[in-house]
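Have a look at the structure below, then the notes.
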Amino acid sequence: MQCNTTGSSNASLANIINLNNLYTPFGSFATVTNILCVLVVLSKKHMREKYGAFGVLSFGDMLNALAMVLSGSIRNQQINDNSFVSLSTFDCFRNPWPHLFIVGGQLPAFVLIVMAGERVIAVFKPIFYRTYVTPRIRLIANIICVVLSILSLLIGILFSYLNREVCTNPACSTIGSTGRLYGTFNYILIVPLPCVALVLNILAYVGAKRLSVSTNMERELKKVLVSLVIASLAVLLSALPNIMIWGQGIFWNIPGLGYMYIGFCCNSAVDLFAFFFLKEDFRNRLLSLISHGYINRRFNLHEVTETNAKRNMLHGIPNKPPLRSTIVEALH
Numbered sequence: 002m003q004c005n006t007t008g009s010s011n012a013s014l015a016n017i018i019n020l021n022n023l024y025t026p027f028g029s030f031a032t033v034t035n036i037l038c039v040l041v042v043l044s045k046k047h048m049r050e051k052y053g054a055f056g057v058l059s060f061g062d063m064l065n066a067l068a069m070v071l072s073g074s075i076r077n078q079q080i081n082d083n084s085f086v087s088l089s090t091f092d093c094f095r096n097p098w099p100h101l102f103i104v105g106g107q108l109p110a111f112v113l114i115v116m117a118g119e120r121v122i123a124v125f126k127p128i129f130y131r132t133y134v135t136p137r138i139r140l141i142a143n144i145i146c147v148v149l150s151i152l153s154l155l156i157g158i159l160f161s162y163l164n165r166e167v168c169t170n171p172a173c174s175t176i177g178s179t180g181r182l183y184g185t186f187n188y189i190l191i192v193p194l195p196c197v198a199l200v201l202n203i204l205a206y207v208g209a210k211r212l213s214v215s216t217n218m219e220r221e222l223k224k225v226l227v228s229l230v231i232a233s234l235a236v237l238l239s240a241l242p243n244i245m246i247w248g249q250g251i252f253w254n255i256p257g258l259g260y261m262y263i264g265f266c267c268n269s270a271v272d273l274f275a276f277f278f279l280k281e282d283f284r285n286r287l288l289s290l291i292s293h294g295y296i297n298r299r300f301n302l303h304e305v306t307e308t309n310a311k312r313n314m315l316h317g318i319p320n321k322p323p324l325r326s327t328i329v330e331a332l333h
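When you read off a place in the sequence shown, starting at 1, and then add 1, the result is the number in the working numbering.
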């Protein structure tokens with residue numbers, strides 16, 4: 002389908018170029034931070050088991066940040082080539098960033114729910130958590146998050162094809178590339194899910210705080226705090242801007258609203274800093290990777306910060322020796 006190739010005004014193009022010039026550096030920074038997170042999680046078996054969900058979250062945020070980089074650089078190139086013109090919905094979807102925005106927006110939203118749900122179970126059902134929430138179950142949950150985001154992308158491709166006769170803005174946003182119906186479905190996932198995750202984390206934090214008075218919940222309280230910080234920033238920097246962007250041009254028309262995408266991008270960069278400051282073993286492993294172990298040797302930093310004995314003690318399980326060993330020792 003051939004769309005009207007009428008170009009934008011010079012003032013409009015100048016504003017788009019300025020916006021894209023911000024997308025590229027912010028997106029590049031967020032991409033690098035999430036690559037570091039993924040590398041830290043993949044570097045050791047115990048890191049993969051302990052921070053698997055966080056690694057998937059960082060991977061999704063990396064895709065979102067990469068979409069920012071590609072959209073900013075390619076759009077500017079199209080403007081310079083005088084090819085930044087109206088396209089059909091399906092032609093828009095042939096650009097790389099709509100795919101990455103869909104997966105990079107939905108995958109973190111799914112993972113935030115998984116992380117928050119795990120913390121709620123750990124606080125209020127600790128015996129059930131220690132019995133059934135195994136590394137295998139966590140792996141299955143992470144795989145489900147990835148599969149759901151990929152299935153959603155395939156649905157987006159279908160809707161884009163069904164709307165192939167519709168001309169849209171050359172910026173090729175998610176809504177412009179797939180149509181209003183699927184675009185709304187996409188925002189239904191990436192806006193409410195972080196809000197639900199935030200509520201669950203607040204409940205878990207309050208519960209852990211209350212239970213810490215009578216039980217040993219300090220370790221779980223720190224875990225909940227990390228998840229709470231990430232969910233709070235996701236709502237502030239991702240969910241709220243996306244609400245404004247979704248309604249732009251239909252319910253309101255706010256000049257320069259595209260700059261709110263930068264907040265969406267900044268949210269993709271918070272993972273590294275949240276875990277660096279709040280999780281000691283993650284911080285030490287990161288320092289070891291970037292310095293080839295020099296910093297850890299110089300300052301005597303240990304990458305694994307808790308032993309099995311300490312883990313049992315923190316969960317309220319006494320680290321008692323087997324009965325047979327106790328009897329043998331008594332006989333001697």
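Just so you know, even glycine gets a beta-carbon here, dropped at the ideal spot from N, CA and C.
Residue range of the unbroken alpha helix (DSSP H) whose run includes residue i
i, result
"S13", "N11 to S44"
"V112", "P97 to F125"
"I203", "P193 to L212"
"C267", "Y262 to N268"
"P136", "P136 to L163"
"Q3", "Looking at the DSSP string, Q3 is not in any alpha helix (DSSP H), and its letter there is neither H nor E."
"W253", "No alpha helix (DSSP H) holds W253; DSSP gives it neither H nor E."
"L67", "G53 to N81"
"K223", "E219 to A235"
"N301", "Looking at the DSSP string, N301 is not in any alpha helix (DSSP H), and its letter there is neither H nor E."
Pick from the options that is closest to residue i, judged by C-alpha positions
i, options, result
"G56", "N11, W98, Y133 and I144", "I144"
"F278", "K224, I246 and L238", "K224"
"L1", "L199, L14, Y295 and R284", "Nothing about residue 1 can be read from this structure; the chain reaches only from 2 to 333."
"G338", "G105, C266 and H303", "Only positions 2 to 333 of the chain appear in this structure, which leaves residue 338 out of reach."
"L159", "I141, V192 and G184", "G184"
"V192", "S150, I231, I151 and L237", "L237"
"V227", "C4, I17 and A54", "A54"
Whole-angstrom distance between residue j and residue i, CA atom to CA atom
i, j, result
"Q107", "F91", "21 Å"
"N309", "R139", "The predicted model places N309 with a pLDDT of 42, which falls under 50 and marks its position as unreliable, so this point remains unresolved."
"L241", "K51", "30 Å"
"D282", "I189", "35 Å"
"C173", "N164", "13 Å"
"E307", "I251", "Summary for E307: the model assigns pLDDT 46, below 50, so the residue's position carries little reliability, and this model does not support an answer."
"R120", "E221", "8 Å"
"Y162", "I176", "13 Å"
"T179", "S72", "16 Å"
"F300", "M48", "21 Å"
"Y260", "F102", "16 Å"
"Y130", "N21", "46 Å"
"I80", "K46", "47 Å"
"C146", "A198", "14 Å"
"N1", "R95", "Only positions 2 to 333 of the chain appear in the structure, and residue 1 is not among them; the question remains open."
"M218", "S239", "31 Å"
"P26", "I263", "10 Å"
Residue environment, residue i, which counts as buried when at least 16 other CB atoms sit within 10 Å
i, result
"F276", "buried"
"T169", "buried"
"K280", "buried"
"Y24", "buried"
"A12", "exposed"
"V334", "Past the edges of the chain, shown from 2 to 333, lies residue 334, and the structure says nothing about it."
"R325", "Because R325 carries a pLDDT of 42, less than 50, the predicted location of this residue cannot be relied on, and no value is offered for it."
"G294", "exposed"
"L229", "buried"
"Y133", "exposed"
"P97", "exposed"
"V1", "Lying outside 2 to 333, the shown extent of the chain, residue 1 is not represented and no answer is given."
"S269", "buried"
"H303", "exposed"
Cβ contact check for the region 116-133 and the region 200-208: 3 or more pairs under 8 Å: Contact between the region 116-133 and the region 200-208 is present, because at least three Cβ pairs lie under 8 Å.
Just checking, does the region 21-32 make contact with the region 66-73 on the three C-beta pairs under 8 Å criterion? Per the Cβ contact rule, the region 21-32 is in contact with the region 66-73 (3 or more Cβ pairs under 8 Å).
Should the region 255-264 be regarded as contacting the region 285-293, the criterion being three or more beta carbon pairs within less than 8 Å? Judged by Cβ distances under 8 Å, the region 255-264 makes no contact with the region 285-293, as fewer than three pairs qualify.
Segment contact, 8 Å Cβ cut-off, at least three pairs: the region 141-157 with the region 76-92: Note that the region 141-157 does not touch the region 76-92; fewer than 3 beta-carbon pairs, one per stretch, sit closer than 8 Å.
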